[in-house]
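Undergrad:
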């Protein structure tokens, strides 16, 4: 395995263990999201200064609107995802969150004028069946969890993440790392007054046990993970990156079972597999001779 693939694998393992970090931080979801944004953006800023990467004012101005809304969506997305961790298992929250690519497939024909491909339609139906199996077989309340609420939060986070994916398609003349750094800064700026007016800043009140998890979440699981991911993505085929990205949700499910004892039922495992396989099928690039649009099939 080449060094670039190793970078992506490490990044995915870090993303997959975010839930474990959040579970050990005794702060509200909005506070965790704020500190993650601040620490992550500072790490990326220092990294870019070290690499002597410069972002021109003209490029910032050109992409200001898109970066503002996508950055805001990232901040709100984190809040909902962290709330999902509070109400349900990491596995349920992660699988609900991983519905984002499916949402992108649904809205792309309307917003980006993309054609309805049969493989994408099929993958959407498979994902919906998978989500039904995950949600329908979850006990409404067990192990101190209210699963239905957690899954709703996870789906809400997925919608926001899908909006970030869509908005990023309109970012021009900025690298993924540059746009991500700015988006994290925007998220921090937006979340700061929200946290101040709803809860107030109580840095002194952060428990000693939460501090290392918070620092690792912001610097390692955000800043470093993004650096590894984006630096490798430039040198790998998009399909290779997409395939390796499935390590994230699989790792999250396995880690939650190993370290937190959050087991899934057999039917839920099948549902999760359907959700993940649906995004894989929908992302496949079929040969032109076998690629058929829904309109062509109907005709």
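Numbering (my numbering), first residue to last: 7 to 305. From the three backbone atoms N, C-alpha and C, an ideal C-beta is built for every residue, glycine too. These numbers were taken from a predicted model, which means no experiment stands behind them.
#1: Just tell me which of 15, 220, 50 and 44 has its CA closest to the CA of residue 229.
#2: In the structure shown, what three-state DSSP assignment does residue 100 receive?
#3: To test your reading of the DSSP string, which unbroken alpha helix (DSSP H) runs of 4 or more residues are found completely within the region 140-221?
#4: Quick check on residue 64: buried or exposed, where buried means 16 or more other Cβ atoms within 10 Å of its Cβ?
#5: Roughly how many angstroms lie between the CA atoms of residue 87 and residue 267, to the nearest whole one?
#6: Give the straight-line distance between the Cα atoms of residue 187 and residue 161, rounded to the nearest whole angstrom.
#7: Which residues mark the beginning and the end of the alpha helix (DSSP H) in which residue 70 is found?
#8: Quick one: residues in its chain with C-beta nearer than 7 Å to the C-beta of residue 265, no 5 flanking neighbours on either side, listed in chain order?
#9: With 16 other CB atoms within 10 Å as the buried threshold, where does residue 110 fall?
#10: Skipping 5 residues on each side, what residues in its chain have a beta carbon closer than 8 Å to that of residue 175?
#11: Count the other C-beta atoms from every protein chain shown that fall within 10 angstroms of the C-beta of residue 236, then say buried if there are 16 or more, exposed otherwise.
#12: Out of 128, 72 and 219, which one is the CA nearest neighbour of residue 180?
#13: According to the neighbour-count rule (16 or more other Cβ atoms, all chains shown, within 10 Å of its Cβ), is residue 244 buried or exposed?
#14: If the criterion is Cβ atoms closer than 7 Å, does the pair residue 6 and residue 238 meet it?
#15: Mind checking which residues open and close the alpha helix (DSSP H) that includes residue 245?
#16: If residue 220 and residue 31 are in contact, beta carbons under 8 Å, what's the gap, nearest whole angstrom?
#17: For a quick check, are the C-beta atoms of residue 164 and residue 232 less than 7 Å apart?
#18: Buried or exposed for residue 274, going by 16 or more other Cβ atoms inside 10 Å?
#19: According to DSSP, simplified to helix, strand and coil, what is residue 33?
#20: Count the other CB atoms within 10 Å of the CB of residue 18; is the residue buried (16 or more) or exposed (fewer)?
#21: Less than 7 Å separating the beta-carbons of residue 276 and residue 139?
#22: Rounding to the nearest angstrom, what Cα-Cα distance links residue 10 and residue 269 in this structure?
#23: Looking at the secondary structure, which residues open and close the alpha helix (DSSP H) in which residue 234 lies?
#24: Nearest to residue 57 by CA position, among 195, 224, 183 and 35, is which residue?
#25: Do you know offhand how far residue 202's Cα is from residue 16's?
#26: Using alpha carbons as the reference points, say which of 48, 21, 128 and 193 lies closest to residue 74.
#27: Within its chain, find whatever has a CB closer than 6 Å to the CB of residue 20; leave out the 5 residues flanking it on each side and keep chain order.
#28: Roughly how many whole angstroms lie between the Cα atoms of residue 172 and residue 198?
#29: Can you give me the Cβ contacts of residue 89 inside the same chain, cut-off strictly under 7 Å, excluding the 5 residues immediately before and after it?
#30: Report the three-state DSSP secondary structure of residue 118 (helix, strand or coil).
TA: In short:
#1: The sequence position of residue 229 within the chain shown is 223, counting from 1. Selected option, being the one with the closest Cα: 50.
#2: As a first step, residue 100 is located in the chain shown; it is residue number 94 there, counting from the start. The three-state reading of DSSP puts residue 100 in helix, counting H, G and I together.
#3: 153-174 and 182-204
#4: Here residue 64 corresponds to residue number 58 of the chain shown, with the count starting at 1. Looking at its Cβ environment, which holds fewer than 16 other Cβ atoms inside 10 Å, residue 64 is exposed.
#5: As a first step, residue 87 is located in the chain shown; it is residue number 81 there, counting from the start. As a first step, residue 267 is located in the chain shown; it is residue number 261 there, counting from the start. Taking the straight line from one Cα to the other gives about 20 Å.
#6: By one-based count along the chain shown, residue 187 stands at place 181. By one-based count along the chain shown, residue 161 stands at place 155. Answer to the nearest angstrom: the Cα atoms are 25 Å apart.
#7: In the chain shown, residue 70 corresponds to position 64, counting from 1. 70-93 is the extent of the alpha helix (DSSP H) around residue 70.
#8: Mapped onto the chain shown, residue 265 falls at position 259. Cβ neighbours of residue 265 beyond the five flanking positions: 26.
#9: Sequence index remark: in the chain shown, residue 110 carries index 104 (1-based). Its Cβ being crowded by 16 or more others within 10 Å, residue 110 is buried.
#10: As a working note, residue 175 is residue 169 in the chain shown. Around residue 175: 118.
#11: Here residue 236 refers to the residue found at position 230 when the chain shown is read from its first residue. Label assigned to residue 236: buried.
#12: In the chain shown, counting from the first residue as 1, residue 180 sits at position 174. In terms of CA proximity to residue 180, 72 leads the group 128, 72 and 219.
#13: What you label residue 244 is simply residue 238 of the chain shown in a count that begins at 1. With fewer than 16 other Cβ atoms within 10 Å, it is exposed.
#14: Nothing about residue 6 can be read from this structure; the chain reaches only from 7 to 305.
#15: For the purposes of this step, residue 245 is taken as residue 239 along the chain shown, with counting starting at 1. 244-250 is the span of the alpha helix (DSSP H), which, as asked, contains residue 245.
#16: Along the chain shown, read from residue 1 onward, the residue named residue 220 stands at position 214. Along the chain shown, read from residue 1 onward, the residue named residue 31 stands at position 25. Between residue 31 and residue 220 the Cβ distance is about 5 Å, and since that is below 8 Å, they are a contact.
#17: The residue given as residue 164 occupies position 158 in the chain shown. The residue given as residue 232 occupies position 226 in the chain shown. At least 7 Å separates the beta-carbon of residue 164 from that of residue 232.
#18: For this step, residue 274 is matched to residue 268 along the chain shown. With 16 or more other Cβ atoms within 10 Å, it is buried.
#19: Indexing the chain shown from 1 puts residue 33 at position 27. Here residue 33 sits in coil by DSSP.
#20: Within the chain shown, the letter at position 12 stands for residue 18. Buried, since its Cβ has 16 or more Cβ neighbours within 10 Å.
#21: Numbered from 1 along the chain shown, position 270 holds the residue referred to as residue 276. Numbered from 1 along the chain shown, position 133 holds the residue referred to as residue 139. In this structure, residue 139 lies closer than 7 Å to residue 276 by Cβ.
#22: Counting from 1 along the chain shown, the entry for residue 10 is found at position 4. Counting from 1 along the chain shown, the entry for residue 269 is found at position 263. Those two C-alpha atoms are separated by around 33 Å.
#23: Here residue 234 corresponds to residue number 228 of the chain shown, with the count starting at 1. Residue 234 -> alpha helix (DSSP H) spans 231-239.
#24: Along the chain shown, one-based indexing puts residue 57 at 51. The option with the nearest alpha carbon to residue 57 is 183.
#25: Taking the chain shown and counting its residues from 1, the one referred to as residue 202 is at position 196. Taking the chain shown and counting its residues from 1, the one referred to as residue 16 is at position 10. Straight-line measurement puts the Cα of residue 16 at about 35 Å from the Cα of residue 202.
#26: Counting from 1 along the chain shown, the entry for residue 74 is found at position 68. Nearest option by C-alpha distance: 193.
#27: Within the chain shown, numbered from 1, the residue matching residue 20 stands at position 14. The beta carbon of residue 20 is closer than 6 Å to those of 227 and 231 in its chain, skipping five residues each way along the sequence.
#28: Walking along the chain shown from the start, residue 172 turns up at place 166. Walking along the chain shown from the start, residue 198 turns up at place 192. Roughly 25 Å between the two C-alpha positions.
#29: Taking the first residue of the chain shown as position 1, residue 89 is located at position 83. Answer for residue 89: 35 and 159, listed in chain order.
#30: Here residue 118 refers to the residue found at position 112 when the chain shown is read from its first residue. Coil.
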